[in-house]
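**Q** Okay, here's the structure, questions in a sec.
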Amino acid sequence: MLFSGASTAKPKKDEKKDKKSDREEKYELQEQVFIRWANHLLDTERLTDHKSLQDGSNAIFVYQAIIGQTMAVLGNPSDDWPNILQYVGDSKTNPQEVMDGQQKAVLSAWWQLVQFYWRNHAPQQLREEKLSEAIKQWCIEVMKSYEEIDVYDFTSSFRDGHAFNYLIHSYE
1 MLFSGASTAK
11 PKKDEKKDKK
21 SDREEKYELQ
31 EQVFIRWANH
41 LLDTERLTDH
51 KSLQDGSNAI
61 FVYQAIIGQT
71 MAVLGNPSDD
81 WPNILQYVGD
91 SKTNPQEVMD
101 GQQKAVLSAW
111 WQLVQFYWRN
121 HAPQQLREEK
131 LSEAIKQWCI
141 EVMKSYEEID
151 VYDFTSSFRD
161 GHAFNYLIHS
171 YE
């Protein structure tokens with residue numbers, strides 16, 4: 001008999017839960033990376049969670065650290081987020097969605113701050129290059145001295161962990 005009645009395939013409902021869980025993990029990881037980056041830039045532990053990423057005054061403090069100048073912090077999210085997104089040149093992220101705490105919008109706004117940092121602090125010859133492409137090129141350059149590893153992209157080249165370990169090893 002072809003089918004015994006029992007199925008080993010996951011029900012669609014469980015597959016959707018797994019995908020949602022994976023997506024939530026990805027967003028949480030991004031949040032932690034942005035929090036650590038911002039705290040490092042500010043030399044403080046000011047940001048602690050999603051709510052602190054949502055706070056426009058924290059984004060303004062990071063912006064000030066990037067440009068090396070102070071500016072007025074209005075303390076009013078309805079003014080802070082539209083201003084900061086305008087300052088970094090982001091016309092795609094909806095400030096209202098950031099203020100409402102929509103996770104994807106908050107992370108998008110912080111990614112724009114990271115890219116703004118790149119455009120202001122990267123080596124001059126790389127500033128106009130897309131950040132992810134510049135990082136990929138840097139990884140390829142660092143890995144050239146390791147014949148065992150070929151880096152082509154950020155997915156398949158890093159999947160087994162060897163490229164990441166070689167990258168860390170290059171700093172020892």
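Under full-length UniProt numbering, the first residue of the sequence shown is numbered 1, with each subsequent residue one higher. From the three backbone atoms N, C-alpha and C, an ideal C-beta is built for every residue, glycine too.
Report the residue from 23, 61, 66 and 90 whose alpha carbon sits nearest the alpha carbon of residue 118.
**A** Here the closest residue by C-alpha is 66.
**Q** What do you get for residue 63, buried or exposed, if any count of 16 or more other CB atoms within 10 angstroms of its CB means buried?
**A** When all chains shown are included, residue 63 counts as buried.
**Q** Where do the N-terminal and C-terminal ends of the alpha helix (DSSP H) with residue 149 fall, by residue?
**A** Run containing residue 149: none; DSSP gives neither H nor E here.
**Q** Let me know if residue 45 comes out buried or exposed under the rule of 16 or more other beta-carbons within 10 Å of its beta-carbon.
**A** Result: exposed.
**Q** Applying the criterion that 16 or more other CB atoms from any shown protein chain within 10 Å of the CB defines a buried residue, is residue 123 buried or exposed?
**A** When all chains shown are included, residue 123 counts as exposed.
**Q** Using the C-alpha atoms, what's the distance from residue 106 back to residue 26?
**A** Going from the Cα of residue 26 to the Cα of residue 106 covers about 14 Å.
**Q** Cα separation between residue 163 and residue 48?
**A** Looking at the two C-alpha atoms, the distance is approximately 31 Å.
**Q** Go ahead and pull the three-state DSSP assignment for residue 29.
**A** Reduced to three states, the DSSP call for residue 29 is helix.
**Q** Suppose the cutoff is 8 Å on Cβ atoms and the five residues either side in sequence are ignored; what does the same chain contact list for residue 151 look like?
**A** Cβ within range, chain order: 136, 139, 140, 143, 157, 158 and 163.
**Q** Between the beta-carbon of residue 56 and the beta-carbon of residue 81, is there less than 8 Å?
**A** Taking 8 Å as the Cβ cut-off, residue 56 and residue 81 qualify as a contacting pair.
**Q** Suppose you measure from the CA of residue 59 to the CA of residue 102; what does that come to, to the nearest Å?
**A** If I take the Cα positions, the gap works out to 16 Å.
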